[in-house]
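Numbering (the numbering used here), first residue to last: 2 to 36. Each residue gets a CB set at the ideal place from its N, CA and C atoms; glycine is no exception. Input: a single structure, listed below in C-alpha coordinates.
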(Lines of atoms letter the chains of each structure in order from A and count residues from 1; the text may use other names and numbers.)
(Lines give C-alpha, C1' and ligand atoms only; values in the text may rest on other atoms or scores of the structure.)
Protein backbone atom coordinates (compact mmCIF):
# COMPACT_ATOMS: atom_id res chain seq x y z
CA UNK A 1 0.00 0.00 0.00
CA UNK A 2 2.77 2.42 0.97
CA UNK A 3 4.69 1.63 -2.21
CA UNK A 4 1.66 2.47 -4.35
CA UNK A 5 1.16 5.70 -2.39
CA UNK A 6 4.80 6.68 -2.95
CA UNK A 7 4.43 5.99 -6.68
CA UNK A 8 1.39 8.28 -6.82
CA UNK A 9 3.38 11.05 -5.08
CA UNK A 10 6.27 10.61 -7.51
CA UNK A 11 3.92 10.73 -10.51
CA UNK A 12 2.30 13.89 -9.14
CA UNK A 13 5.68 15.56 -8.60
CA UNK A 14 6.86 14.57 -12.08
CA UNK A 15 3.64 15.92 -13.60
CA UNK A 16 4.14 19.20 -11.72
CA UNK A 17 7.75 19.49 -12.91
CA UNK A 18 6.70 18.74 -16.50
CA UNK A 19 4.00 21.41 -16.32
CA UNK A 20 6.54 23.92 -15.01
CA UNK A 21 9.00 23.07 -17.78
CA UNK A 22 6.17 23.22 -20.32
CA UNK A 23 5.13 26.69 -19.18
CA UNK A 24 8.74 27.85 -19.34
CA UNK A 25 9.13 26.45 -22.85
CA UNK A 26 5.86 28.07 -23.87
CA UNK A 27 7.22 31.45 -22.75
CA UNK A 28 10.53 30.90 -24.54
CA UNK A 29 9.02 29.33 -27.65
CA UNK A 30 5.44 30.57 -28.19
CA UNK A 31 5.39 29.01 -31.67
CA UNK A 32 5.90 25.49 -30.31
CA UNK A 33 2.37 25.32 -28.85
CA UNK A 34 1.87 21.76 -27.51
CA UNK A 35 -1.68 22.57 -26.44
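Separation of residue j from residue i, as counted between CA atoms
i          : j          : result
residue 41 : residue 23 : Residue 41 lies beyond the range of the chain shown here (2 to 36); nothing can be said about it.
residue 7  : residue 14 : 11 Å
residue 12 : residue 5  : 11 Å
residue 9  : residue 16 : 10 Å
For residue i, the three-state DSSP class (helix, strand or coil)
i         : result
residue 3 : helix
Chain-order list of residues whose beta-carbon lies under 8 Å from that of residue i (same chain, five-residue window excluded)
i         : result
residue 3 : none
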